[in-house]
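A quick write-up on the structure given underneath.
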Amino acid sequence: MAKIFGIVASSAPFIKVEGMQDYRPIAAFSFIGRYRIVDFPISNMSNSDIDYIQVYMGNKPRSLTEHLGSGRTFNINSKRGKLQMLFPQGSSVNEIYNTDISAYMENLEIIQRMHQDYVVIAPSYMIYTQNYADLVEEHISSGADITLLYHRVDNAKEAFLNCFILNLNRQKGVISLEKNIGKAKNRDIFMDTYVMKKDLFIQLVQEAKKESSMFTLADIVSASAADLDIRGVAHRGYFAAVTDFKSYFDANLALLDHKLAENLFRPDWTIYTRTTDSCPTTYCTGASVKNSIVSNGCLIQGIVENSVIGRGVTIEKGAVVRNSVILSYAQIGPDVHIEGQVVDKWAKVIRAKEIIADPAAPGYIRRSDNL
Amino acid sequence: MAKIFGIVASSAPFIKVEGMQDYRPIAAFSFIGRYRIVDFPISNMSNSDIDYIQVYMGNKPRSLTEHLGSGRTFNINSKRGKLQMLFPQGSSVNEIYNTDISAYMENLEIIQRMHQDYVVIAPSYMIYTQNYADLVEEHISSGADITLLYHRVDNAKEAFLNCFILNLNRQKGVISLEKNIGKAKNRDIFMDTYVMKKDLFIQLVQEAKKESSMFTLADIVSASAADLDIRGVAHRGYFAAVTDFKSYFDANLALLDHKLAENLFRPDWTIYTRTTDSCPTTYCTGASVKNSIVSNGCLIQGIVENSVIGRGVTIEKGAVVRNSVILSYAQIGPDVHIEGQVVDKWAKVIRAKEIIADPAAPGYIRRSDNL
Amino acid sequence: MSQNMLAMILAGGRGSRLKDLTNKVAKPAVSFGGKYRIVDFPLSNCANSGIDVVGVLTQYESVLLNSYVAAGRRWGLDSKDSGVFVLPPREKADERLNVYRGTADAISQNIDFIDSYEPEYLLILSGDHIYKMDYDAMLTYHKERGANLTVAVIPVPMKEASRFGIMNTDEEGNIVEFEEKPAQPKSNLASMGIYIFTWKDLRRALVADMRASDSSHDFGKDIIPAFLADGKKLVAYKFQGYWKDVGTIDSLWEANMDLLDDRGELNMNDTSWKIYTDDASALPQYIGPDTQVDHAYITQGAVVLGDVRHSVLSTGVVVEEGAKVIDSVLLPGVRVEAGAKVTRALVAENITIGKGAVVGDAGSENITLVAKRVKGVE
Amino acid sequence: MSQNMLAMILAGGRGSRLKDLTNKVAKPAVSFGGKYRIVDFPLSNCANSGIDVVGVLTQYESVLLNSYVAAGRRWGLDSKDSGVFVLPPREKADERLNVYRGTADAISQNIDFIDSYEPEYLLILSGDHIYKMDYDAMLTYHKERGANLTVAVIPVPMKEASRFGIMNTDEEGNIVEFEEKPAQPKSNLASMGIYIFTWKDLRRALVADMRASDSSHDFGKDIIPAFLADGKKLVAYKFQGYWKDVGTIDSLWEANMDLLDDRGELNMNDTSWKIYTDDASALPQYIGPDTQVDHAYITQGAVVLGDVRHSVLSTGVVVEEGAKVIDSVLLPGVRVEAGAKVTRALVAENITIGKGAVVGDAGSENITLVAKRVKGVE
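If you're matching them up, the sequences are chains A, B, C and D in order.
Residue numbers for the first sequence follow numbering that gives the first Met the number 0, so the first one is 0 and each next one is one higher.
Residue numbers for the second sequence follow numbering that gives the first Met the number 0, so the first one is 0 and each next one is one higher.
Residue numbers for the third sequence follow numbering that gives the first Met the number 0, so the first one is 0 and each next one is one higher.
Residue numbers for the fourth sequence follow numbering that gives the first Met the number 0, so the first one is 0 and each next one is one higher.
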């Protein structure tokens, strides 16, 4: 097998999730209660026998640092391998300079010292499963310089609006990358996932730096499309990109389709996550729960429908929670009626008796808020 | 036993170690080859059964993050306890604002959520051993509001120049803290180590913030000397403060006195550190080593005297190393003569055949330099 | 590295009163409370009490128990000087492979292991009780009282006292007499089988006991009486709180049912004293669109499409459409197929109850143990 | 969690040829190379080869070995689905406590453990060889060749071949015959005791072997011949590099001495294939002001105040002023007091050589094992 190391990139500064992102990077966002988004790229790598993984940390790294730990959680042998956290060096005042390229430049010495030949670069704001070992095999046998993973969607007019799209020729050659501005329904969304040789990666990073301080890896790859053999490989299965608040909300609720969830979480492809040692959930007499995903440590006395409930949530008597995403340790007080909301961690909704939004334009209740 | 949590503070911005500190915080400095300075406060806490420790990270946190890991290295139960790394939020452009107080303010919610009654705050640029459980017992039985640890020295004219000194009354009450500007030989050097109740700590942090954005914890404690019962407790045993390049050099070489080293490293008070799994050191035929501390993984073919040799160092045939501190993976080439130097990690001295300085004014060879 | 107090968990017995549940696993490894195993309780108590080194004395079919407890990371017992060590009987240079002849003999055979840590105190625990206890507080009491041996006791109803080992104490809490299952109990203080010994005292007693040909090498029958006879200071440490021996199917079922009383006496949700366990890589629990879940204790990885009433559902349990689970405990991996009905039963790991099958009996005095696949009804 | 390949280390034997070194520890736990134990080699090889789960089959005096290997963190074998599991013989529901009757029986008795991981391949290792080997490369070969069993072999000098188990192969590397210590060897390919079996094939053979009353339940004597007789595909995997059986005091001493040849065939300093071990909490080594250290392999925690020539010094060794250590291996904790002289010896753990004492003999053919305190000379 080819020797591969992994890079989990920090999300680009132009991707903004209002509210949620004030408290943690997208990588550390809770996903269907039990997971964090970064669990997906890291588990994909770990399951692909990639045991040296660099995670580029954005701002507010504390929660992500604690979540990642030494990598044991993700079944990475801490002696043979390493889950290494790399920090931006004093983030620039103007955040347009905080590109992925500048993060790689700052850690170039470490990247150069890697002894693996290939690198897989994956995003920390997208949710999908993919065997990267297979992808690298495909990359090698195709003879391409760079392989990009993409997903064909039919809702690019209203979704994936901050993502890149790949323009492909008949041979799956990449003609160019461009921002999706919602012009067409059917698009090949670039999954921000690259395979290439380590040496080419270093060369591109250095070129990008020379080109412009604002150049990203996607920019330099797009600019190299004429000179290099860049190919797209189609991904199948569940795919979500958290590029704004609505897409975060939708990605969670989409998995209430239990068949879809079973497709994403397959027995032979474990998604690892850090345990919090919470106890099972108690459903009290009088509770009613329908079509919902519920994490451990909850106390449920009220009504829950079509919702995702995080760890240690309390839903008191008479409360109604519908079409909502409730994050860990939140408390929904007696007779409170919540619909179409994301309730952030530690928030308490006690006095506000009705907070209702259309799931098409969901609402947000801030972390540790008391309402 | 009283419930205690620990804080390992980041060194103040006015403490500068030229050269070395460009690459890592003082906490992550190598010490006598095998250790890092931060091993001392953390081991002191771990050995005192303090199993919840917050480490405040300065700039360039990568190496420190890797070194600390999950705390297992330091014998901290990762379920019951926690070695938590706290990061400054976007360091200020003007570093006078980067006080310890601003770091505590940023993480106040976490500090407030701690359920322990007492806090021990220790520095990450000083080297000493101390049983903090005993210190807290003494604090409690004395009835003081704050207990400060100090060390009586007789060389305060030329050393400890960036430290605070305690002015004490006959009852060991603290009258004030002041900067040591080298006016007198005999001084009580403040070891930047505090014991107090958590609630008082939070109160002082908030007061300091109100007082001035540049106020430090030492400043507010000094300002409170009239209102609070603040007492000094004398420390005995080895004590060193790394406040500039010379003091770093001296602190290392001082431990060539093997009796002194045995006093600092006692069998009942393990200083924990992260292993690098390096193999034993090979002394070749023709090598000559005298009065030196040598770490594992070295290959020694030349002459070494009165020096500290880090992990994986190569000293080739005919090379002479005297009165020097050689950090990990450095290479001293054939017939190279080094005296009175700190040679930083990965540096290679091959062509420069003589680099000699008086140990009273030691020289520095930068990390990864090729000379 | 010397340790102040070492813990030794007696995990040996077959646990035959648990019948088919212990065919393949030792009693301490039996599943409990949805996601736990019984031995998680003493091990988590050790971790939370600041104990670093725990020996687990095993004998019977211990491969699952061994591999389970050896991964000390689950309880944080894997830091530098910590560890959970499985101690089976072993062959020595001068003798053949031994079995443990009694609870005290299990400790005697591991004196060298214990000595290597130079402990001042030794904590003896058993592996089949459900409770939360701060052993450090008990140690403080042991030291304050200057005892040679401290025995944890719990008050039981006087009429049940004759089922227990009873400690008769004087006014100061000194143990003056120990009676195993007395017909006429003089006190209601039952021994919890939790002992703190000052190690040098116990060591001396064990060495003597090993040589005694008439000894059954048992703590209750031999060591405690010897301590009493020698005039050693034995004190009782009164424990308040939830404590349950789960040695029978009925008591195991009951202890599971007690969890439905959320935030009750055994508050599993108390974050200051968590019970740690293996973390299954499982999805959160999923409750389907057309179900009734009325008073249940359910853990991650469970999928509920049918109705559940007053029951405990473990990791990976599936209750299919139209199935009903009432007053029952389903251990990990149980599948209740469509239309089946489970009442007042404890269903063993990975058992499938076939379509439309009916098991258990709402009117029976005892709990039905289902340890074999139940065929569906066409 | 299913694993592609599981490793099982046969760590059983008393190792009586190591004499007093194995009075208190099993052979695989014997100290080696300053800071290692012998079993660090197969365990580190497993970790570096990407194997997650390792079973260690122990029998004799295994408490130190057990507690040593159980802390899988030393080899990184403590992540989510990883572990090092100690597997002693154990009592089962239907039989009394067994001992392992042979190498194959040790695996047979743990079929349930192995099955629980659903491996495709099983790697069998022994616990007393010093070498570095990529088992993943061997597995690739096993798969490429479509073998049922792959045996690692090493070419030995033809005149020594009769001391080994010899694999006779055809031109394509298929094993056609196995001869244990043949008087007239036909080949110089010695078995290293390292086997990769396709698990379902081995499982079938083990089940048959368990029932065979005339079997000695041994891989070399029973299982390999049965595979050959059954027409299974057996291939030899040629290993190049350092490999040494350290079953005797002389060979153990020699293997230690080989380390003085730094960056030699067994390059301990190769960071791409580290050998992991317990990390002692020790100071770096200290070399005193008035010493001669000429050709030595010394690890952290050693204090050298006297002279050392052509020797290996382990953790915590102290060589006092005026003492001389020549052509010797000092195991952890050895103290050579002032003026003592140690020549051509292997000194066991924690032994003190008293002031002015002289041990070992530069002229002797065999290495002197010093396993008892040597009194000083006034």
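Using N, Cα and C, we set each Cβ at its ideal position, and we do this for glycine too.
As the structure is a prediction and not an experimental result, all values here were calculated from the model.
Closest to Arg-334(D) by C-alpha separation, out of Arg-72(D), His-309(D), Val-373(D) and Gly-359(D), would be which residue? Distance from the Cα of Arg-334(D) is smallest, within the candidate group Arg-72(D), His-309(D), Val-373(D) and Gly-359(D), for Val-373(D).
Answer yes or no: does any C-beta atom of chain A fall closer than 9 Å to that of Val-311(C)? yes
Give the residues from the stretch 268-286 of chain C that approach chain A closer than 8 Å (Cβ to any Cβ), ordered along the chain. Asn-268, Lys-273, Ile-274, Tyr-275, Thr-276, Asp-278, Ser-280, Leu-282, Pro-283, Gln-284, Tyr-285 and Ile-286
Proximal chain C residues relative to Arg-77(D), where beta-carbon distance stays under 8 Å: The displayed chain sequence assigns Asp, not Arg, to residue 77(D). In chain order: Ala-70, Arg-72 and Asp-77.
Alpha carbon to alpha carbon, how far is Leu-76(C) from Tyr-275(C)? Give it in angstroms, no decimals. 11 Å
Kindly say whether Lys-34(D), judged by its beta-carbon, lies nearer than 9 Å to any beta-carbon of chain B. Interface residue, yes.
Within its chain, find whatever has a CB closer than 6 Å to the CB of Met-0(D); leave out the 5 residues flanking it on each side and keep chain order. Residue confidence for Met-0(D) is low, a pLDDT of 41 falling below 50, so the modelled location carries little weight; the figure read from the coordinates is stated next. Asp-80.
Range covered by the beta strand (DSSP E) that runs through Thr-298(D): Looking at the DSSP string, Thr-298(D) is not in any beta strand (DSSP E), and its letter there is neither H nor E.
Min CB distance Ile-195(D) to chain B below 9 Å: no
Just to confirm before moving on: does the CB-CB distance between Arg-36(C) and Pro-27(C) stay below 9 Å? yes
Along the chain, where does the beta strand (DSSP E) that runs through His-150(B) open and close? 145-152
I'd like to know if Leu-96(D) contacts chain C, where contact means its C-beta is closer than 9 Å to some C-beta of that chain. Any reading at Leu-96(D) must be qualified, since the residue scores a pLDDT of 49, below 50, and its modelled position is unreliable; no value is offered.
Can you tell me the Cα-Cα spacing of Asp-208(D) and Leu-124(D), whole angstroms? 20 Å
Run through DSSP, which three-state label would Trp-272(C) get? coil
Short Cβ contact (9 Å threshold) for Ser-294(B) with Ser-323(B): no
Which residues in the same chain as Arg-79(B) place their Cβ atom closer than 8 Å to its Cβ, once the five residues preceding and following it in sequence are excluded? Take Arg-79(B), set aside five residues on each side of it, and the residues of its chain with a beta-carbon closer than 8 Å to its own are Asp-50, in chain order.
When you compare only the Cα positions, how much space is there between Phe-238(C) and Ala-151(C)? 6 Å
Taking 9 Å as the CB-CB cut-off, is Ser-77(A) touching chain F? The chain inventory of the structure shown lacks chain F, comprising the protein chains A, B, C and D.
Nearest-angstrom Cα distance between Val-324(C) and Thr-149(C)? 44 Å
Interface partners of Asn-74(A) on chain D, CB under 9 Å: Met-0, Asp-51, Ser-78, Lys-79, Asp-80 and Ser-81
Whole-number beta carbon distance between Tyr-22(A) and Ile-120(A), since they are thought to touch under 8 Å: The Cβ separation is near 26 Å, so there is no contact.
Can you tell me which of the three DSSP states Val-346(D) falls into? It is a strand residue.
Please compile the residues from chain B whose C-beta is within a distance smaller than 7 Å of the C-beta of Asn-47(C). Arg-79
Buried versus exposed call for Phe-13(A) [16 or more other C-beta atoms within 10 Å across all chains shown]: Here Phe-13(A) is exposed, its C-beta having fewer than 16 other C-beta atoms within 10 Å.
So that I know if they touch, is there some Cβ in chain B lying closer than 9 Å to that of Thr-351(D)? no
Taking buried to mean at least 16 other C-beta atoms within 10 Å of its own C-beta, is Leu-259(B) buried or exposed? exposed
Under 9 Å from the C-beta of Arg-33(A): neighbouring residues of chain D: In chain order: nothing, as chain D lies at least about 15 Å away.
Under three-state DSSP, which class holds Leu-96(C)? Per-residue confidence for Leu-96(C) stands at a pLDDT of 49, beneath the threshold of 50, marking its modelled position as unreliable; no derived number is given.
Nearest-angstrom beta carbon gap, Val-312(A) and Cys-297(A) [assumed within contact, 8 Å]: 5 Å
Just to confirm, is the Cβ distance from Arg-71(B) to Ser-45(A) under 9 Å? no
Any beta carbon from chain B within less than 9 Å of Gly-68(A)'s own beta carbon? Taking 9 Å as the CB threshold, Gly-68(A) lines the interface with chain B.
Can you find a CB in chain B that lies within less than 9 Å of the CB of Ser-43(C)? Taking Cβ atoms only, chain B reaches closer than 9 Å to Ser-43(C), which makes this a yes.
If you reduce the DSSP assignment to three classes, tell me which class His-138(A) lands in. Helix, per DSSP.
Show which residues of chain C have a CB atom less than 7 Å away from the CB atom of Asn-65(D). Phe-84 and Val-85
Tell me, please, whether the CB atom of Pro-12(A) is closer than 9 Å to any CB atom in chain B? no
According to DSSP, simplified to helix, strand and coil, what is Ile-41(B)? helix
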